[in-house]
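K.L.:
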Amino acid sequence: MKLKTKAEPIPIADVQSTPDTRRLPIDKVGIKDIRHPVRVKDKTQGEQHTIANFNMYVELPHNFKGTHMSRFVEILNQHDIEISVESFKEMLSEMSERLEARRGHIEMSFPYFINKSAPVSGVKSLMDYQVTFIGEIEDGRHVMTIKVIVPVTSLCPCSKEISDRGAHNQRSHVTLTVRTNSFVWIEELIELVESQASCELYGLLKRPDEKYVTERAYDNPKFVEDMVRDVAAMLNQDERVDAFCVESENFESIHNHSAYAMIKRDKLEPAD
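Just so we're aligned: 64 in the UniProt record's numbering is position 64 of the sequence shown, and the numbers increase by one with no gaps anywhere.
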């Protein structure tokens, strides 16, 4: 009687690793817009569970036909991810090593919630902010940045000055992107921006709160230029921040366009 032997596995071609002759390197190749649950450090609760959208890319040399897309997903799923600067660096290093890439890039965007108290009634409600962690690696060197979009109220100083009754205001989005040399809470970046607006936003307001925020904005008018300058001045004084970009877009209430301003600075570069 002839014994059955285990079938030998059939070799499967690795097409991605075959040579390419066009001599055209690719700057970024990978996966985009994949969702994954994450845990983010929270200043008041310790950590916050949320859902993040990931973009993961590597550089592809001219002599390789393709990259191994499945490895990006494997890296993401191998971690019970509590996101921090250190864990982000680990993911970048692992990605560049496993995909044999000199350069790599990861973006992680997620909604971040803060439980805020209304200014007069004290009623609590959640406010959401869009946060993005961006990590890059090149030849083993990491660069980490954090981007936060903070919605606020701005009131026009010109409208207040020339009008006999009231002044027009609008919602504004202040986008703050920072590179730091030590740990900074997400809440700190949000509070910094809100403190320099005409008034901050709240998820829920009672009538006394609405009176307060209306009068607060009226007493604190800001042009879009004022907003970026005031935030930039605060960042200039913060020694934890090595580089920043602050942008403000005012969604005008009396025009069919937005007003926009931006200040960008790298403190480590020599001043002009």
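All C-beta atoms, glycine included, are put in the ideal place defined by N, C-alpha and C.
If you draw a straight line from the C-alpha of Arg98 to the C-alpha of Phe133, how long is it?
P.N.:
Within the sequence shown, numbered from 1, the residue matching residue 98 stands at position 98. Within the sequence shown, numbered from 1, the residue matching residue 133 stands at position 133. Going from the Cα of Arg98 to the Cα of Phe133 covers about 21 angstroms.
K.L.:
Does the distance from the CB of Thr180 to the CB of Ile149 come in under 8 angstroms?
P.N.:
Counted from its first residue, the sequence shown places residue 180 at position 180. Counted from its first residue, the sequence shown places residue 149 at position 149. It is not a contact, given that the beta carbons lie outside the stated cut-off.
K.L.:
According to DSSP, simplified to helix, strand and coil, what is Pro208?
P.N.:
Numbered from 1 along the sequence shown, position 208 holds the residue referred to as residue 208. Of the three classes helix, strand and coil, the one that applies to Pro208 here is helix, per DSSP.
K.L.:
Rounded to a whole number of angstroms, what is the C-alpha to C-alpha distance between Asp209 and Glu269?
P.N.:
What you label residue 209 is simply residue 209 of the sequence shown in a count that begins at 1. What you label residue 269 is simply residue 269 of the sequence shown in a count that begins at 1. Roughly 44 angstroms separates the two Cα atoms.
K.L.:
Which stretch, first to last residue, makes up the alpha helix (DSSP H) that contains Asp164?
P.N.:
Along the sequence shown, one-based indexing puts residue 164 at 164. Asp164 -> no alpha helix (DSSP H), and no H or E assigned at all.
K.L.:
DSSP has Asp264 in a bridge; who is on the other side?
P.N.:
Position 264 of the sequence shown, counted from the first residue, corresponds to residue 264. One point to set straight first is that residue 264 is Lys, not Asp, in the sequence displayed. DSSP, once it has assigned bridges, lists Cys245 as partnering Lys264.
K.L.:
Which same chain residues, not among the five before or five after Glu252, have their C-beta less than 7 angstroms away from its C-beta?
P.N.:
If you number the sequence shown from 1, residue 252 lands on position 252. Closer than 7 angstroms at Cβ, skipping near neighbours: Gln170, Ser258 and Ala259.
K.L.:
Which value, in whole angstroms, describes the spacing of the CA atoms of Phe223 and Ser195?
P.N.:
Here residue 223 refers to the residue found at position 223 of the sequence shown. Here residue 195 refers to the residue found at position 195 of the sequence shown. Using only the alpha carbons, I get a separation of about 15 angstroms.
K.L.:
Going by Cα to Cα distance, which pick from Lys211, Phe113 and Asp242 is closest to Gln48?
P.N.:
Position 48 of the sequence shown, counted from the start, is the residue given in the question as residue 48. The candidate whose alpha carbon is nearest that of Gln48 is Phe113.
K.L.:
Entirely within the segment 92 to 152 and at least 3 residues each: give me those beta strand (DSSP E) ranges in chain order.
P.N.:
Counting only runs of 3 or more, we get 103 to 117 and 124 to 138.
K.L.:
Using DSSP's beta-bridge definition, name the partner residues of Gly48.
P.N.:
Working through the sequence shown from its first residue, we reach residue 48 at position 48. Note on identity: in this sequence residue 48 is Gln, with Gly being the wrong assignment. Paired residue(s): Val40.
K.L.:
Rounded to the nearest angstrom, what separates Gly135 and Asp164 at their Cα positions?
P.N.:
As a first step, residue 135 is located in the sequence shown; it is residue number 135 there, counting from the start. As a first step, residue 164 is located in the sequence shown; it is residue number 164 there, counting from the start. Their backbone Cα atoms lie some 51 angstroms apart in a straight line.
K.L.:
I'd like the span of the alpha helix (DSSP H) that includes Leu235, first residue to last.
P.N.:
As a working mapping, residue 235 is identified with position 235 in the sequence shown. From DSSP, the alpha helix (DSSP H) with Leu235 extends over Val224 to Gln237.
K.L.:
Using alpha carbons as the reference points, say which of Phe54, Pro221, Val152 and Leu204 lies closest to Ile190.
P.N.:
In the sequence shown, the residue the question calls residue 190 occupies position 190. With distances taken between Cα atoms, Ile190 lies closest to Val152.
K.L.:
Since Phe72 is in the alpha helix (DSSP H), which residue starts that stretch and which ends it?
P.N.:
Within the sequence shown, residue 72 is the residue found at index 72, counting from 1. Phe72 -> alpha helix (DSSP H) spans Met69 to Asn77.
K.L.:
Classify Met227: buried if its beta carbon has 16 or more other beta carbons within 10 angstroms, exposed otherwise.
P.N.:
On the sequence shown, position 227 is the one that residue 227 refers to. Met227 is buried by the Cβ-count criterion.
K.L.:
By Cβ distance below 7 angstroms, which residues in the same chain neighbour Asp139 in space, the five residues on each side in sequence not counted?
P.N.:
For this step, residue 139 is matched to residue 139 along the sequence shown. Excluding residues within five positions, the ones whose Cβ falls inside 7 angstroms are Arg102.
K.L.:
Count the other CB atoms, across all protein chains shown, that sit within 10 Å of the CB of Cys156; report buried if there are 16 or more and exposed otherwise.
P.N.:
Here the question's residue 156 lines up with position 156 in the sequence shown. Cys156 comes out buried.
K.L.:
Between the Cα of Lys147 and the Cα atoms of Ala167, Cys158, Val178 and Tyr212, which residue gives the shortest distance?
P.N.:
Position 147 of the sequence shown holds residue 147. Here the closest residue by C-alpha is Val178.
K.L.:
Based on the DSSP output, what are the partners of Gln170 in its beta bridges?
P.N.:
For this step, residue 170 is matched to residue 170 along the sequence shown. The partner list for Gln170 (beta bridge, DSSP) reads Ser154.
K.L.:
With distances taken Cα to Cα, identify the nearest neighbour of Asn55 among Val29, His68 and Val38.
P.N.:
The count along the sequence shown starts at 1 and reaches residue 55 at position 55. Residue Val29 is the option with its Cα nearest to Asn55.
K.L.:
Report the option in Val40, Leu201, Pro119 and Lys89 whose CA atom is closest to the CA atom of Ser109.
P.N.:
For the purposes of this step, residue 109 is taken as residue 109 along the sequence shown, with counting starting at 1. Nearest option by C-alpha distance: Val40.
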